[in-house]
Ligand code: CS2
C-alpha cells in the first residue's frame, strides 16, 4: 500500500523554529495543525516543529519518520460529514527517552524560538493542591542530581536555558499547551523552582528574561484505535500511522508574550492572542472538562464506554446541562458579557458527536490531577455562596468509586493515575465503611485541601453522593439527580 509522504504536499524549505515536548495526538491535532495552517497563510517557513517523546520511545516516532513526519487529521463534522487535512509542520520527530542530547542540542540552537509543551498535568511535577515542586518525585530527584542528562521536561528546559545563557543567546519562549489552569504560570513556577535548586543565578536570569505565556487549548482528540485507523485507511486509500480523528471544533487562546517572535496563529480560524487568558481557561476547564469528568466516572460505572454513549442517556444530558449552568457558569467571572447557556449547548452538541468515540476510560485517567482544577474551585465558590453543588458531589463520589478499582459488576477497573496505589490503599483500608472511606479520600491533601476536608457541608454532600451510587448504582444516581 502507498504510504503518505510529505513531499507530496509538504514544505521542502521548512526549518525548525519550535521544539515541542510531548508528541501525542493532541499536539498533532491542535498546535501542529494550527502551525501548518499559519505557515500556509504567511509563507513563514522558519516555524517548522521538531517534536519529541521523552517518556517512552513509541513506535509512532519511527512510523512518522517513515512518512516524512506528515500525517492526516480527519475532522468529524457535527452533520456526520468529514474533512481530511494534511499536516506537514513537523520537520522532525525524536524519540528522546534514552538519549536526550539531540533534543537538548536543538533546544539550544539559535534557530529555536519557542519550546512548547503537552506533558499533561502530571508533567509539571507540582503538588496539585499547593503548587509546590515535588522535590521527592523520583524523576525530579534524578534531574537535580543529573543536570546535564535530565529526564523531565522541566530539567530539559532548565538545561537548555542554561546553555543559552552561557552562550549569551536569547532565551526561547516556553509555551505550555496543557489543559491546566494558569498553565504558563505553572510552567514558570516549576522551571524556576527547578533552576533554583540547581543554579540560583540561572533561576534569576529565567525569572527576568524568559516568557511563559498562558494558553487555553480546546479540541476533543480521542486516542486512536485499530478501528479508527482502519476507517481512515479505507477512505484515504493509503496507510497513515500518524493519523488523527478529531472534531471540527477547535479553539486556542494565547497570551501574546513571546521573546523571539511567534507564528501568526491567529490567521487561522479559532486562534486568538489576548492579554489575559485566565477567564477563558477557567470557563473551558469548568464547563467542558468538569462535565467530561462527571461523564467519565459516572458513565464508566454505568457501563457507557464513550462520551457519545452517555449522551444517548437523557438523564446524563440533563445532569450535564444542570452542572454547566448551575454549578460551573455561576462561578465564572468573564471580562465581557458571555452567553454561557449557548456555550453549554454547543458543548452538549460536541459531546454528542457520534464520530468521536471518546472513551470514558481515557478521560477518567489521572483524576487526582484533574479533579482539583475541574471541580474544586467551583465547589469552593458555591460553598461560600451557600449554593448547591450536587452534580460536583456526584462526580467526586463517582471518582471515589472508580479509583477504588472495582466496577458495579465486580470487575477490576484499570485505574491509571500517578496516585493509583495510594487511592486503592485508602479504598481497601476502609472497605465497607463508606463514611470513613469518604473522609479518608478527602484527607488526601494533594487533591483536596484542608478547608474542604473540614467543611461539614462538603463532606456530607460527597458522602450522600457516594452512598447513593453505592446503594443504587451510578445510572440511577444520575437519574435521581436529573429528577430534582
Ligand atoms: C479530556 C480532555 O481527557 C480529558 O481529560 O477532558 O482531553 C478534553 O477532551 C480536552 O481538554 C478538550 O479540549
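Residue numbers (our numbering): 1 to 484.
Just so you know, even glycine gets a beta-carbon here, dropped at the ideal spot from N, CA and C.
Option in the options with minimal Cα separation from residue i
i	options	result
residue 284	297, 331 and 269	331
residue 437	445, 446 and 426	426
residue 471	451, 448, 459 and 434	434
residue 361	104, 196, 74 and 222	222
residue 111	356, 452, 36 and 18	18
residue 458	421, 391, 200 and 424	391
residue 419	27, 100 and 137	137
residue 89	67, 126 and 206	67
residue 251	120, 281 and 339	281
residue 278	39, 228, 335 and 93	335
residue 384	139, 452, 355 and 119	452
Cβ-based burial, residue i [other Cβ within 10 Å; buried from 16]
i	result
residue 54	buried
residue 167	exposed
residue 56	exposed
residue 69	buried
residue 170	exposed
residue 62	exposed
residue 2	Per-residue confidence for residue 2 stands at a pLDDT of 49, beneath the threshold of 50, marking its modelled position as unreliable; no derived number is given.
residue 178	buried
residue 195	buried
residue 324	buried
residue 373	buried
residue 411	exposed
residue 417	buried
residue 485	Residue numbering for the chain in the displayed model covers 1 to 484; residue 485 lies beyond these limits and cannot be assessed.
residue 237	exposed
residue 213	buried
Enclosing beta strand (DSSP E) for residue i [first to last residue]
i	result
residue 84	82 to 87
residue 243	Looking at the DSSP string, residue 243 is not in any beta strand (DSSP E), and its letter there is neither H nor E.
residue 71	71 to 76
residue 14	Here residue 14 belongs to no beta strand (DSSP E), and DSSP marks it neither H nor E.
residue 271	271 to 274
residue 253	251 to 255
residue 218	215 to 218
residue 116	114 to 117
residue 93	90 to 95
residue 176	173 to 176
Boundaries of the alpha helix (DSSP H) in which residue i is found, first to last residue
i	result
residue 184	183 to 198
residue 399	390 to 404
residue 368	367 to 371
residue 143	138 to 145
residue 294	290 to 302
Exercise for review: Please determine if the stretch 231 to 251 and the stretch 135 to 150 are in contact, where contact requires at least 3 C-beta pairs separated by less than 8 angstroms.
Suggested key: The stretch 231 to 251 is not in contact with the stretch 135 to 150.
Review point. Can we say the stretch 343 to 357 touches the stretch 274 to 294, given the rule of at least three CB pairs closer than 8 angstroms?
Key: Contact holds: three or more Cβ-Cβ distances are below 8 angstroms.
Exercise for review: List in chain order: all unbroken alpha helix (DSSP H) runs of 4+ residues lying wholly within the stretch 25 to 63.
Suggested key: The stretch 25 to 63 is shown to contain whole alpha helix (DSSP H) runs of 4 or more residues at 25 to 29 and 31 to 42, in chain order.
Review point. With a cut-off of 8 angstroms, do at least 3 Cβ pairs link the stretch 436 to 453 to the stretch 262 to 269?
Key: Not touching, per the Cβ criterion.
Exercise for review: Flag this pair as touching only if the stretch 294 to 308 and the stretch 318 to 328 have three or more C-beta atom pairs under 8 angstroms; answer yes or no.
Suggested key: Contact holds: three or more Cβ-Cβ distances are below 8 angstroms.
Check your understanding: How do the stretch 355 to 375 and the stretch 398 to 410 stand: do at least 3 beta-carbon pairs fall below 8 angstroms, yes or no?
Key -> Pairwise C-beta distances place the stretch 355 to 375 in contact with the stretch 398 to 410, as three or more of them are shorter than 8 angstroms.
Exercise for review: Determine contact between the stretch 183 to 200 and the stretch 126 to 135, defined as no fewer than three beta-carbon pairs at a distance below 8 angstroms.
Suggested key: Touching, yes.
Check your understanding: Touch check for the stretch 265 to 275 and the stretch 87 to 107: three-plus C-beta pairs under 8 angstroms?
Key -> Result no; under three Cβ-Cβ pairs closer than 8 angstroms.
Practice item. May I ask you to verify whether the stretch 20 to 39 touches the stretch 69 to 89, counting CB pairs closer than 8 angstroms and requiring at least 3? Key: Of all C-beta pairs linking the stretch 20 to 39 to the stretch 69 to 89, three or more are shorter than 8 angstroms, placing the two stretches in contact.
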